Amino acid sequence: MDFYKYSLTRLFDIPQIITIHYFEYGADFSFAGESHDFWEFLCVDKGEVTVAAGTNMHHLKKGDIIFHKPNEFHTVSTNGITAPNLVVVSFVCTSPAMDFFEDRICLLGERERNLLAAIIAEASHAFTTPLDNPYTRRLEKNPQQPPGAEQMIQLSLEQFLISLYRREASANTKQLLTKSVKLKQDEETFAHILSYMNAHISESLTIEQICHDNLLGRSQLQKLFRAKCDCGIIDYFSHMKITRAKELIREKNMNFTQIADVLGYTSIHYFSRQFKKITGMSPSEYALSIKAMSEKH
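Residues in the sequence shown are numbered consecutively from 149, following the working numbering.
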C-alpha cells in the first residue's frame with residue numbers, strides 16, 4: 149500500500165522581512181509618516197501613542213497593536229508626557245488571510261507577547277543592524293548568526309499572526325452568536341408584548357402596568373420599541389387602538405360612543421381627538437371616506 153503525501157496548507161506565508169524594530173522613544177517624538185508596498189504592524193509595549201492610519205486617528209495604549217496594509221500612509225507621535233516603547237515589524241505577506249487585519253486594532257495576549265519577544269531576541273542575533281534606529285531601510289545579515297535564526301524569526305512571526313487571527317476570529321464569532329441570541333430574545337419579547345397589548349386593547353394601559361405584568365424594565369421596553377417601530381410603546385398602543393377603531397367603524401355594528409367605550413377611552417371627545425391626530429380625519433370623516441371603503445375589502 150502506497151503512502152499518501154499530504155500537502156500542508158499555510159494560513160500565513162512570510163517569505164521576506166523588511167525591518168524589525170524595538171524603539172524607546174522620547175516623550176516628544178513624532179514621525180512624519182510614510183507608506184510602502186508591504187505590511188507593517190506597531191505594538192505598544194509601554195506608554196501610549198497616537199497613530200494615523202490613512203484618514204483615521206487612533207490612540208493606542210500598552211498591549212494594543214495596529215496593522216498597516218500595503219500603501220497605507222501612517223504616522224506615529226507621542227503625547228509629550230509619556231516616553232513609549234514600541235515594537236514595529238514590517239514584512240512581505242501576500243496571503244489572503246492578511247485581509248483580516250485591515251483596519252483592525254488587536255489586544256495582545258500572553259502568547260503573542262512571548263512570540264514578539266522571541267522575534268526581537270532572534271533578530272538581535274541574526275542581524276548586525278541596530279533594532280532601535282527608526283530610519284533603517286535594510287537589515288544586514290550577521291555572518292555569525294546562530295543556525296536557523298532567520299527561520300526562527302519567520303516561524304515566530306507566522307505563529308504570532310496565526311495566534312492573533314485565531315483569538316480575534318473566535319471573539320468575533322462569540323460576539324455574533326451573542327448578538328444572534330439577543331436578536332432572537334428581542335423578537336420573542338416583542339411578539340409577546342404585542343399579544344399582551346392586543347389582549348388588553350380595551351384598557352387604558354400605562355407603561356408601568358405593561359412592565360409590571362411582563363416582568364420587564366421600563367428602559368428595556370422603550371428601547372425595544374424604539375428599535376422595532378421607531379416610536380414609544382404607548383404611542384404604538386395608541387395606534388393599535390385606532391387601527392381596531394377603524395375596523396369597528398367599517399363593520400358598522402357600533403356607533404362612535406360604543407366604539408370609544410369598547411376601546412377604553414374616557415370619552416367620545418377624547419376618542420375623536422386621538423382618532424384625528426393619528427389618521428388626519430375625524431371618525432365621521434373616516435366612515436364616509438373612500439379610504440374606509442378600500443380598507444374594508
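Each residue gets a CB set at the ideal place from its N, CA and C atoms; glycine is no exception.
Every value quoted in this text rests on a predicted model; they were computed, and no experiment measured them.
(request) Can you say whether V329 is buried or exposed, counting buried as having 16 or more other CB atoms within 10 angstroms of its CB? (result) Residue mapping note: residue 329 aligns to position 181 of the sequence shown, counting from 1. Per the 10 Å Cβ criterion, exposed.
(request) Leaving aside the five residues before and after L208 along the sequence, list all residues of the same chain whose C-beta is less than 8 Å from its C-beta, in chain order. (result) Within the sequence shown, residue 208 is the residue found at index 60, counting from 1. So the qualifying residues of the chain are L190, V192, E196, V197, T198, V199, I214 and I253.
(message) Suppose contacts are defined by Cβ-Cβ distances below 8 Å. Is F308 in contact with E260 by that definition?
(response) Walking along the sequence shown from the start, residue 308 turns up at place 160. Walking along the sequence shown from the start, residue 260 turns up at place 112. In contact: F308 and E260 (Cβ atoms closer than 8 Å).
(message) Counting C-beta neighbours from all protein chains within 10 Å, is the total for H445 16 or more, i.e. buried, or is it exposed?
(response) By one-based count along the sequence shown, residue 445 stands at place 297. The predicted model places H445 with a pLDDT of 49, which falls under 50 and marks its position as unreliable, so this point remains unresolved.
(request) Express the C-alpha separation of E188 and N281 in angstroms, rounding to a whole number. (result) For the purposes of this step, residue 281 is taken as the residue at position 133 of the sequence shown. For the purposes of this step, residue 188 is taken as the residue at position 40 of the sequence shown. Cα to Cα, N281 sits roughly 16 Å from E188.
(message) Less than 8 Å between the C-beta atoms of P294 and H273, yes or no?
(response) Locating residue 294 in the sequence shown gives position 146, where the first residue counts as 1. Locating residue 273 in the sequence shown gives position 125, where the first residue counts as 1. Yes, they are a contact pair.
(request) Helix, strand or coil for F248, going by three-state DSSP, please let me know. (result) Translated into the one-based positions of the sequence shown, residue 248 becomes position 100. In this structure, F248 counts as helix in the three-state DSSP scheme.
(message) Is it the case that the region 338-348 contacts the region 380-390, given that we only count it when at least three CB pairs across the two stretches are under 8 Å?
(response) yes
(request) Compute the Euclidean distance between the alpha carbons of A408 and D334, then round it to the nearest angstrom. (result) As a first step, residue 408 must be located in the sequence shown, where it is residue number 260. As a first step, residue 334 must be located in the sequence shown, where it is residue number 186. When rounded, the distance between both Cα atoms is 32 Å.
(request) Specify the secondary structure class of L208 as computed by DSSP and reduced to three states. (result) In the sequence shown, residue 208 corresponds to position 60, counting from 1. Reduced to three states, the DSSP call for L208 is strand.
(message) Tell me whether the region 174-181 and the region 214-231 touch, counting them as touching only if at least three CB pairs, one residue from each stretch, are closer than 8 Å.
(response) yes
(message) Quick check on T198: does DSSP put it in helix, strand or coil?
(response) Translated into the one-based positions of the sequence shown, residue 198 becomes position 50. Three-state result, T198: strand.
(message) Within a Cβ cutoff of 7 Å, which residues of the same chain sit near I310, ignoring the five residues on either side of it in sequence?
(response) What you label residue 310 is simply residue 162 of the sequence shown in a count that begins at 1. Excluding residues within five positions, the ones whose Cβ falls inside 7 Å are L159 and F160.
(message) Going by DSSP in three states, C191 sits in which element: helix, strand or coil?
(response) Your numbering for residue 191 matches position 43 in the sequence shown. Looking at C191 - three-state DSSP - the assignment turns out to be strand.
(message) Please report the distance separating the alpha-carbon of L369 from that of V236.
(response) For the purposes of this step, residue 369 is taken as the residue at position 221 of the sequence shown. For the purposes of this step, residue 236 is taken as the residue at position 88 of the sequence shown. Their backbone Cα atoms lie some 48 Å apart in a straight line.
(request) Along the beta strand (DSSP E) that carries A180, what are the first and last residues, could you check? (result) In the sequence shown, counting from the first residue as 1, residue 180 sits at position 32. Segment S178 to E182, the beta strand (DSSP E) holding A180.
(request) Can you give me the Cβ contacts of Y170 inside the same chain, cut-off strictly under 6 Å, excluding the 5 residues immediately before and after it? (result) One-based indexing of the sequence shown puts residue 170 at position 22. Correct list, in chain order: V235, I268 and L279.
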